[in-house]
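Student: Here my numbering is used: position 106 in the sequence shown is 95, and no number is missing along the way. Note that beta-carbon positions come from the ideal geometry of N, C-alpha and C, so glycine has one too. Structure below; questions to follow.
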Amino acid sequence: MIKISGGKFKRTNLEVLERFVRPTSIAKRETIFSILESYALKKSFNLYSKSVILDIFAGSGSVGLEAISRGMFKVYFYENNKDVSRILRKNCLKICSNEQFEILEEDVMLSQFSSVKELVSIIFIDPPYNKYDINKILMNDFFKNLLNENTIIVIEKEIEKKLIINDKYKIFRLKKYKKNILYFIKLN
């Protein structure tokens, strides 16, 4: 079990299917939202009001549910493991109304993102290490259509594998940990 670290549902327990999921730690989630909130304040926009988040490779849903707890409007979870999706749905129902979440059981590498009807404020991408090419997601034309000038993409990646992005994006912040690194990215 892991817990929500902030907002309205702080300390709510979330289930985790441990053999399939590597959940984002409380400390890392607090860091992510601290950086996001600081950036939004600096750029004078409301991070949470009517905002939508994509949680790609969602697992337990801890990042997307953390966002809902802190005031975000809606979260789309991409999780194609049926067993993990079942646990994710249970976690969502502890925190969200049915209108606040959608679980999409599809391969994100092939997705046209057609279920997402709004522009997205935050995208969190935390793939199983060494299994997916994040650049393929970033270069997907359907994915790019979800972005606006304030969209922030947060990518968690193993530290040994440097993230190489094209010139359509820029990394504006990094946070290094012992085994992995968080990249904060925007449109260029």
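Is E68 helix, strand or coil when you go by DSSP?
Tutor: Coil, per DSSP.
Student: What does Y158 pair with, by DSSP beta-bridge criteria?
Tutor: Y158 is bridged to L176.
Student: From N119 to L25, what distance separates their C-alpha atoms?
Tutor: The straight-line gap from Cα to Cα measures roughly 26 angstroms.
Student: Taking 9 angstroms as the cut-off, decide whether the C-beta atoms of S86 and I(-9) are in contact.
Tutor: Cβ atoms of S86 and I(-9): not closer than 9 angstroms.
Student: Could you tell me which of K17, Y121, Y28 and R8 sits nearest to Y166, measuring between CA atoms?
Tutor: For Y166, the nearest C-alpha among the options comes from K17.
Student: For F113, name the three-state secondary structure that DSSP assigns.
Tutor: Residue state, collapsed to three classes: strand.
Student: Chain B beta carbons: is any one of them nearer than 9 angstroms to that of K125?
Tutor: The chain labelled as chain B is not found in the depicted structure, where only one protein chain is given.
Student: Ignoring anything shorter than 3 residues or poking outside the region 31 to 112, list the beta strand (DSSP E) runs there in chain order.
Tutor: As far as the region 31 to 112 is concerned, its whole beta strand (DSSP E) runs of at least 3 residues are 41 to 45, 63 to 67 and 90 to 93.
Student: Candidates F161, F173 and L3: which alpha carbon is nearest I84's?
Tutor: Among F161, F173 and L3, the Cα nearest to that of I84 belongs to L3.
Student: Can you round the beta-carbon distance between V178 and F62 to whole angstroms, since I take them to be within the 8 angstroms contact cut?
Tutor: Residue 178 lies beyond the range of the chain shown here (-10 to 177); nothing can be said about it.
Student: When you compare only the Cα positions, how much space is there between P194 and F46?
Tutor: Look at the range of the chain in this structure, -10 to 177, and you will see that residue 194 is not part of it.
Student: If you count every other CB in all the chains shown that lies within 10 Å of the CB of D44, and 16 or more means buried, which is it?
Tutor: Result: buried.
Student: Any idea if S27 is buried or exposed, counting beta-carbon neighbours within 10 angstroms, 16 or more meaning buried?
Tutor: So S27 ends up on the exposed side.
Student: Compute the Euclidean distance between the alpha carbons of E107 and N155, then round it to the nearest angstrom.
Tutor: Rounded to the nearest angstrom, the two C-alpha atoms are 25 angstroms apart.
Student: Looking at the unbroken alpha helix (DSSP H) that takes in S123, where does it start and where does it end?
Tutor: A quick correction: the sequence has Ile, not Ser, at residue 123. Per DSSP, I123 belongs to the alpha helix (DSSP H) from I123 to M128.
Student: Do V64 and G53 have their C-beta atoms closer together than 9 angstroms?
Tutor: Taking 9 angstroms as the Cβ cut-off, V64 and G53 qualify as a contacting pair.
Student: Between which two residues does the beta strand (DSSP E) harbouring E147 extend?
Tutor: Counting along the chain, the beta strand (DSSP E) containing E147 begins and ends at I141 to E147.
Student: Can you list, in chain order, the residues of its chain with a C-beta nearer than 7 angstroms to that of T1? Leave out the 5 residues immediately preceding and following it.
Tutor: These residues qualify, in order along the chain: K(-8), I(-7), K83 and I84.
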